[in-house]
Amino acid sequence: MIAAETDVPRLPRGVKLKFDAVRQRHVLLAPERAFDIDAIAAAVLALVDGARTCGEIVDALAVQYDEQREVIAGDVLAMIGDLVARRVIER
Numbered sequence: 001m002i003a004a005e006t007d008v009p010r011l012p013r014g015v016k017l018k019f020d021a022v023r024q025r026h027v028l029l030a031p032e033r034a035f036d037i038d039a040i041a042a043a044v045l046a047l048v049d050g051a052r053t054c055g056e057i058v059d060a061l062a063v064q065y066d067e068q069r070e071v072i073a074g075d076v077l078a079m080i081g082d083l084v085a086r087r088v089i090e091r
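Every letter in the sequence shown is one number past the one before it in full-length UniProt numbering, and letter 7, counting from 1, is 7.
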């Protein structure tokens with residue numbers, strides 16, 4: 001599943017992005033589940049606020065990482081779509 005640029009993703013109630021100081025990694029915590037995520041996924045999830053569209057998230061990341069939008073759009077939309085399928089993001 002791939003998210004659309006017009007989707008407005010948000011973390012559902014009970015799902016939180018946390019930094020695990022012991023392991024020095026970001027973790028996405030959901031009821032009865034935890035996902036270890038890398039720094040790039042953490043940057044994407046930090047922008048998932050229920051107000052920005054996926055397209056706006058891609059735009060912000062393109063500026064933040066000084067990268068062409070087309071280079072990152074596919075990966076970001078696929079990641080968000082995967083997390084929607086796993087029910088840790090709603091749209």
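Every residue, glycine too, gets a C-beta built ideally from N, C-alpha and C.
Keep in mind the model is a prediction, meaning the values are calculated, not measured.
Supposed close pair residue i, residue j - CB separation, criterion 8 Å
i	j	result
I2	L77	5 Å
L28	F19	That belief does not hold up - the Cβ atoms of L28 and F19 are roughly 11 Å apart, past 8 Å.
C54	I80	6 Å
Beta carbon of residue i nearer than 8 Å to that of residue j
i	j	result
R86	V48	no
G50	V15	no
P12	E90	yes
Residue span of the beta strand (DSSP E) that contains residue i, given as start and end
i	result
D20	16-20
Enclosing alpha helix (DSSP H) for residue i [first to last residue]
i	result
L77	69-85
Distance between residue j and residue i (C-alpha atoms, nearest Å)
i	j	result
L45	I57	9 Å
I37	V88	13 Å
A39	D66	16 Å
One or two residues paired with residue i in a DSSP bridge
i	result
I37	H26
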